[in-house]
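Working notes, structure below.
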DNA sequence: TTTCTTTGCTAACATTCGTTAGTATATTAT
DNA sequence: ATAATATACTAACGAATGTTAGCAAAGAAA
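Residue numbers (the numbering used here), protein chains in the order written: chain A, 6 to 202; chain B, 6 to 202.
Now the structure itself:
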């Protein structure tokens with residue numbers, strides 16, 4: 006009888022969620038079937054339901070796992086007493102790092118949240134809106150401080166977040182520059198582009 | 006008997022493709038059903054097949070329609086005898102314009118091409134790769150000319166293209182700045198950020 | 001009007017989907 | 001060893017999906 010293999014400190018559910026992340030990333034939430042997932046896990050489809058409640062629950066776990074990490078980091082950054090530019094750079098670095106090291110979950114959370122259903126959907130959208138508002142507020146403070154160019158802060162946030170999500174292409178590309186170099190290039194263009202000179 | 010209403014110079018198929026664009030954008034290709042589409046068009050699902058061959062054909066039309074427009078524009082830009090920065094700015098402006106005015110199709114082409122199947126899939130991926138290579142080549146020329154900062158050109162392309170796709174958020178946002186202002190802000194950050202000072 | 005073509009309808013199909021019921025087999029606790 | 005629990009299996013369900021066949025009605029051409 007095929008049993009789901011686990012490493013120490015990880016439940017079988019975590020294994021399933023993790024495999025779900027890479028499957029949802031590859032095929033999209035709707036196109037990925039529970040039978041696909043079962044095969045990836047090495048078990049029959051029905052067996053998955055001993056560990057999870059539903060397919061949608063997998064999406065919840067992924068989306069809110071990621072959202073919570075970002076929210077918590079935002080709390081930390083806001084409470085620091087550094088310059089606005091330093092805060093912006095730290096946020097950007099965190100995003101890049103998450104996108105590089107937790108690619109699949111972050112990507113899924115970013116692209117597949119549409120398939121959540123209420124009340125999770127509204128909740129997620131609110132968190133996302135809130136996060137962007139707080140990011141924009143930091144940029145606006147930077148503008149008032151003359152640290153940052155005079156630009157529309159929400160537009161800057163939008164550019165930064167989407168630009169970073171482009172790391173997806175980097176992951177799939179064959180001739181990858183290394184992660185540190187990628188990070189430096191992105192910081193140069195994104196943060197450097199905001200700085201008042 | 007409900008008949009698909011057409012405007013002059015447009016076929017019924019074009020009406021269907023257009024409605025498909027907004028439906029695929031809203032729900033995603035897989036989650037949008039032919040019955041949904043039929044309802045949006047004002048007709049029964051089976052009737053659609055008097056005008057189209059399959060659901061996938063709709064995705065073909067959308068993806069390659071967009072891809073061809075971008076490719077043709079790239080041809081035009083390359084053949085001009087202007088500075089690299091001017092070329093880059095023109096490419097960026099075109100992207101923004103397409104994203105603002107043909108939102109649904111561009112968005113679908115960008116996010117749903119995964120659901121194409123070979124040989125269309127490979128074809129599309131190749132076009133995309135090619136386009137980015139040509140974009141990067143222009144940036145590299147700009148670097149050699151000292152017009153552009155010394156950065157990794159493929160990374161710059163990745164940032165620019167994804168940043169622009171962020172206009173999706175602008176479309177969905179409630180407090181929109183106007184399109185011209187958005188364009189200026191994006192040009193400032195994206196093109197301004199590349200310029201050698 | 002009569003004929004031909006286009007476009008719509010209803011009904012049904014095979015397939016795939018997420019999920020449940022019921023049962024067998026491992027693992028863990030007593 | 002025995003009991004209890006966790007985990008897997010097979011089989012099947014109802015619902016939704018893309019699509020086709022066959023037929024009716026509407027519009028265009030004669």
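Even glycine gets a Cβ: it sits at the ideal position worked out from N, Cα and C.
Can you check whether the C-beta of residue i is within less than 7 angstroms of a C-beta belonging to chain A?
| i | result |
| --- | --- |
| residue 92 of chain B | no |
| residue 190 of chain B | yes |
| residue 157 of chain B | yes |
| residue 151 of chain B | no |
| residue 222 of chain B | In the structure displayed, chain B extends from 6 to 202; residue 222 of chain B sits before or after that span and is not available. |
| residue 194 of chain B | yes |
| residue 4 of chain B | Outside the shown range of chain B, which is 6 to 202, sits residue 4 of chain B, and nothing can be said about it. |
| residue 164 of chain B | yes |
| residue 10 of chain B | no |
| residue 36 of chain B | yes |
Report yes or no: is there a C-beta of chain B within less than 7 angstroms of the C-beta of residue i?
| i | result |
| --- | --- |
| residue 147 of chain A | no |
| residue 70 of chain A | no |
| residue 179 of chain A | no |
| residue 138 of chain A | no |
| residue 203 of chain A | Nothing in the structure corresponds to residue 203 of chain A, since chain A is present only between 6 and 202. |
| residue 170 of chain A | yes |
| residue 198 of chain A | yes |
| residue 167 of chain A | yes |
| residue 182 of chain A | yes |
| residue 87 of chain A | no |
Measure the Cβ-Cβ separation of residue i and residue j and say whether it is below 7 angstroms.
| i | j | result |
| --- | --- | --- |
| residue 167 of chain A | residue 176 of chain B | no |
| residue 204 of chain B | residue 184 of chain B | The structure shown has nothing for residue 204 of chain B, since chain B only spans 6 to 202. |
| residue 143 of chain B | residue 89 of chain B | yes |
| residue 48 of chain B | residue 91 of chain B | no |
| residue 40 of chain B | residue 25 of chain B | no |
| residue 199 of chain A | residue 154 of chain A | yes |
| residue 11 of chain A | residue 20 of chain A | yes |
| residue 28 of chain B | residue 36 of chain B | no |
| residue 157 of chain B | residue 172 of chain A | no |
| residue 53 of chain A | residue 45 of chain A | no |
| residue 18 of chain A | residue 56 of chain A | yes |
| residue 115 of chain B | residue 174 of chain B | no |
Who are the near neighbours of residue i in its chain, counting only those whose CB is closer than 7 angstroms to its CB and skipping five residues on each side?
| i | result |
| --- | --- |
| residue 108 of chain B | 176 |
| residue 2 of chain A | Residue 2 of chain A cannot be examined here, being either before or after the span of chain A that is shown, 6 to 202. |
Which stretch, first to last residue, makes up the alpha helix (DSSP H) that contains residue i?
| i | result |
| --- | --- |
| residue 77 of chain B | 60-84 |
| residue 124 of chain A | Counting along the chain, residue 124 of chain A falls outside any alpha helix (DSSP H), and DSSP gives it neither H nor E. |
| residue 176 of chain A | 172-177 |
| residue 200 of chain B | Here residue 200 of chain B belongs to no alpha helix (DSSP H), and DSSP marks it neither H nor E. |
| residue 6 of chain A | First-last for residue 6 of chain A: undefined, no H or E at that position. |
| residue 206 of chain B | Nothing about residue 206 of chain B can be reported from this structure: the residues present for chain B run from 6 to 202 only. |
| residue 23 of chain A | 17-32 |
So, at 6 angstroms on beta carbons, what are the nonlocal neighbours of residue i in its own chain, with the 5 sequence-adjacent residues on each side left out?
| i | result |
| --- | --- |
| residue 99 of chain A | 78 |
| residue 111 of chain A | 71, 103, 104 |
Quick one: residues in its chain with C-beta nearer than 8 angstroms to the C-beta of residue i, no 5 flanking neighbours on either side, listed in chain order?
| i | result |
| --- | --- |
| residue 102 of chain A | 188 |
- Would you call the segment 64-84 of chain A and the segment 94-103 of chain A in contact, with 3 or more CB pairs under 8 angstroms? yes
- Query: Does the segment 179-197 of chain B come close enough to the segment 29-48 of chain B that 3 or more CB-CB pairs lie under 8 angstroms?
  - Reply: The segment 29-48 of chain B is not in contact with the segment 179-197 of chain B.
- Count the C-beta pairs between the segment 125-141 of chain A and the segment 154-171 of chain A that are closer than 8 angstroms, then say yes if the count reaches three, no if not. yes
- Would you be able to state if there are at least three C-beta pairs under 8 angstroms between the segment 121-129 of chain B and the segment 57-76 of chain B? yes
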